[in-house]
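Visitor: Those letters in the sequence shown? Residues 39 to 286, per our numbering, in order.
Sharing a structure with you now.
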Amino acid sequence: MRLHTMTWMEVDAYLKEQNGIIVPIGSTEQHGPIGLIGTDSICPEVIADRAAETLGCIVGPTISVGMAQHHLAFAGSIALRPSTLILVIRDYVLSLARNGFERFYFLNGHGGNIATISAAFSEIHAEKSLNPGWERPHVRCKLANWFGFESIRSLSRELYGDREGSHATPSEVAVTQFAYPGHIKSVAMDPAPPRPRAFLDADDYRSIHPDGRIGADSFLATPEAGGRLVAASAASVVDDYTAFMKEA
Ligand code: NI
């Protein structure tokens, strides 16, 4: 269930039974010629919703703008600086912790967020370390990437082999096609060339990846494959979230 469609009284009742929440986190950034700008937010959101149906837990509002400075040379991309995103995550968690949420399961859709999310968790845990009398000592955060489960890595390999690449991947595009079948795009493109080197800033990224993809043949995506990826990732989230809730 979505926090947005509950009342405060329903949340109060939920907190008497359990204290966990799934927080989808992604990005708003170009995903090549056929990938939706919201791909990295749509994927964890749809997978979180699916997992929550089984878990009976709340899904919080998606943090849909992330650390994407390297995509800013493409129209429609939005970036938060790492320092801004750290504060967004911190305030999001501490707001919910005030009324009793304790375990925060972040389901991430954007590789560029990983370092910043980890830094935000350290910032949150530092509240207790630096203030021994802190009144919310039980807050615990966990990061999982929807594309990082072994179930998804092996399914992506089976579906796309070495054409998966690392940005605007056919796997992530497939998930958005499954979620939004009315927004499937078709643009002619060649197979993506291999990645020549690591990128630096936004202009550098565009100069070495002119259509936005990194080694990924997005055009191989199908909504049917997307459905399989959502089911597999949601099943992994169910197991991983359940284990997280049981952690001593
Ligand atoms: Ni992506």
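Ideal placement from N, C-alpha and C gives every residue a C-beta, glycine not left out.
Do threonine 66 and alanine 106 have their beta-carbon atoms positioned less than 9 angstroms apart in this structure?
Guide: Taking the sequence shown and counting its residues from 1, the one referred to as residue 106 is at position 68. Taking the sequence shown and counting its residues from 1, the one referred to as residue 66 is at position 28. Result yes, Cβ atoms of alanine 106 and threonine 66 sit closer than 9 angstroms.
Visitor: So what does DSSP say about alanine 113, is it helix, strand or coil?
Guide: Indexing the sequence shown from 1 puts residue 113 at position 75. Coil.
Visitor: List the DSSP bridge partners of threonine 92.
Guide: The count along the sequence shown starts at 1 and reaches residue 92 at position 54. For threonine 92, which the question treats as bridged, DSSP gives no partner whatsoever.
Visitor: Which word fits serine 204, buried or exposed, when buried means at least 16 other C-beta atoms lie within 10 angstroms of its C-beta?
Guide: One-based indexing of the sequence shown puts residue 204 at position 166. Its Cβ having fewer than 16 others within 10 Å, serine 204 is exposed.
Visitor: Sorted by chain position, which residues of the same chain lie with C-beta nearer than 7 angstroms to methionine 227's C-beta, five sequence neighbours on each side aside?
Guide: Working through the sequence shown from its first residue, we reach residue 227 at position 189. The answer, listed in chain order, is Pro71, Asp249, Phe257.
Visitor: Spell out a yes or no on whether the region 178-185 and the region 216-234 are touching, meaning 3 or more CB-CB pairs, one atom from each, closer than 8 angstroms.
Guide: In short, these stretches do not touch, since the Cβ pair count stays below three.
Visitor: Nearest to histidine 69 by alpha carbon, out of Ser209, Pro170, Gly98, Arg235?
Guide: Looking up residue 69 in the sequence shown gives position 31. For the residues Ser209, Pro170, Gly98, Arg235, the minimum Cα distance to histidine 69 belongs to Ser209.
Visitor: When the Cα of threonine 77 is compared with those of Lys223, Leu197, Ala236, which residue comes out closest?
Guide: As a position in the sequence shown, residue 77 is number 39, starting the count at 1. Taking only the C-alpha atoms, the option nearest threonine 77 is Lys223.
Visitor: Shorter than 8 angstroms, the distance from the beta carbon of glutamate 83 to the closest heavy atom of the ligand NI, or not?
Guide: On the sequence shown, position 45 is the one that residue 83 refers to. No.
Visitor: Can the beta-carbon of isoleucine 80 be found less than 9 angstroms from the beta-carbon of alanine 263?
Guide: As a working note, residue 80 is residue 42 in the sequence shown. As a working note, residue 263 is residue 225 in the sequence shown. No; because the gap between Cβ atoms is not below 9 angstroms, this pair is not in contact.
Visitor: Would you report the Cα separation of glutamate 140 and glycine 150, rounded to the nearest angstrom?
Guide: Your numbering for residue 140 matches position 102 in the sequence shown. Your numbering for residue 150 matches position 112 in the sequence shown. Taking the straight line from one Cα to the other gives about 26 angstroms.
Visitor: Using the Cα positions of tyrosine 243 and valine 211, report the straight-line distance between them to the nearest angstrom.
Guide: To locate residue 243, count along the sequence shown from 1; it is residue 205. To locate residue 211, count along the sequence shown from 1; it is residue 173. Roughly 20 angstroms separates the two Cα atoms.
Visitor: Give me the Cβ distance between isoleucine 124 and threonine 154, rounded to the nearest whole Å; I'm assuming they're in contact under 8 angstroms.
Guide: Taking the sequence shown and counting its residues from 1, the one referred to as residue 124 is at position 86. Taking the sequence shown and counting its residues from 1, the one referred to as residue 154 is at position 116. So it is a contact: roughly 6 angstroms between Cβ atoms.
Visitor: Answer yes or no: do alanine 117 and glycine 104 have a C-beta to C-beta separation smaller than 9 angstroms?
Guide: Counting from 1 along the sequence shown, the entry for residue 117 is found at position 79. Counting from 1 along the sequence shown, the entry for residue 104 is found at position 66. Result yes, Cβ atoms of alanine 117 and glycine 104 sit closer than 9 angstroms.
Visitor: Leaving out five residues on either side along the sequence, give the residues of the same chain with a beta carbon under 7 angstroms from the beta carbon of glycine 199.
Guide: Within the sequence shown, the letter at position 161 stands for residue 199. Closer than 7 angstroms at the Cβ level, and outside the excluded window around glycine 199, lies no residue.
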